[in-house]
Amino acid sequence: MLASASPRRSELLKVIGVAFRVFRSEVDESRRSSESPRAYVRRLAETKAQVAAIRFPTRSILAADTAVVIDRKILHKPGESLTNGKALLNRLSGRTHEVITGVCFLHHGQKHTMVARTRVTFRKLARGEVDAYVRGREGIDKAGGYAIQGRAGAFVERIMGSPSNVVGLPLSQTLTLLTEAGYLDAPRSP
1 MLASASPRRS ELLKVIGVAF RVFRSEVDES RRSSESPRAY VRRLAETKAQ
51 VAAIRFPTRS ILAADTAVVI DRKILHKPGE SLTNGKALLN RLSGRTHEVI
101 TGVCFLHHGQ KHTMVARTRV TFRKLARGEV DAYVRGREGI DKAGGYAIQG
151 RAGAFVERIM GSPSNVVGLP LSQTLTLLTE AGYLDAPRSP
């Protein structure tokens, strides 16, 4: 069971051949005072998994939460506000930020968690391209206001870490987590 309505996470899980059903876990995503971004995404992933486990107690549950972080501040989704979208992209322009994803997997009564971090550097963006990108509405429901798998991929100068993490699920680390939990068979050497 995938405790996320994110179509991007669904697409990524399909890429690695994991069968799943989707359950949207509704949780309070407010950040606690003095909570680090790393602790925040881990807590939200665990909470989403636990909410799904109440509804589906015999199922294995995978949940994740992603945050875009710059200057120790979490950049949330801009929503419908063009002003918010522009402000987010202008803040990221010409700078390096982090994308942090917490992943939680509940399997046979055991909780397995991990946090992945990817550093993304944007080139300096021109005002016109920021305006055009925001008007295109691609980033309205994305953390940090952009979708690396879409037109914003052209903004990226450098990535250090998992590219799929920036989309919403670190595939390599998730596959390792599922394997170590005994959900998937470990690859064998020839």
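The numbers in my numbering rise by one with no breaks, and the one at position 79 of the sequence shown is 79. Ideal placement from N, C-alpha and C gives every residue a C-beta, glycine not left out.
Classify Ser-172 as buried or exposed, calling it buried when 16 or more other Cβ atoms lie within 10 Å of its own Cβ. exposed
(message) If I follow the unbroken beta strand (DSSP E) through His-39, where does it start and stop?
(response) Checking the sequence shown, residue 39 turns out to be Ala, not His. Per DSSP, Ala-39 belongs to no beta strand (DSSP E); it is in the alpha helix (DSSP H), 37-55.
Next item on the list: Keeping to the same chain, check which residues put their C-beta closer than 6 Å to that of Arg-158; ignore five residues upstream and five downstream.
Entry: Thr-121
Residues in the same chain with beta-carbon distance under 7 Å from Ala-143, minus the five sequence neighbours each way, listed in chain order, please.
Thr-66, Ala-67, Val-68, Leu-75, His-76 and Lys-77
- Query: To the nearest angstrom, how far is it from the Cα of Glu-80 to the Cα of His-108?
  - Reply: 41 Å
Run through DSSP, which three-state label would Thr-176 get?
helix
- Contacting residues, own chain, Cβ-Cβ under 6 Å from Tyr-40 (five flanking each side not counted): Arg-31
* Arg-117 versus Ser-162 - alpha carbon distance -> 8 Å
Quiz item: With burial defined as no fewer than 16 other Cβ atoms inside 10 Å of the residue's Cβ, what is the status of Thr-83: buried or exposed?
Solution: exposed
Starting from Ala-64 and walking both ways along the beta strand (DSSP E), at which residues does that stretch end? 61-70
Bounding residues of the beta strand (DSSP E) (the contiguous stretch that carries Leu-75): 73-75
| message | Mapping the DSSP letters down to three states, classify Gly-102 as helix, strand or coil. | response | strand
Fill in: Buried or exposed (CB count within 10 angstroms, at least 16 for buried), Gly-85
buried
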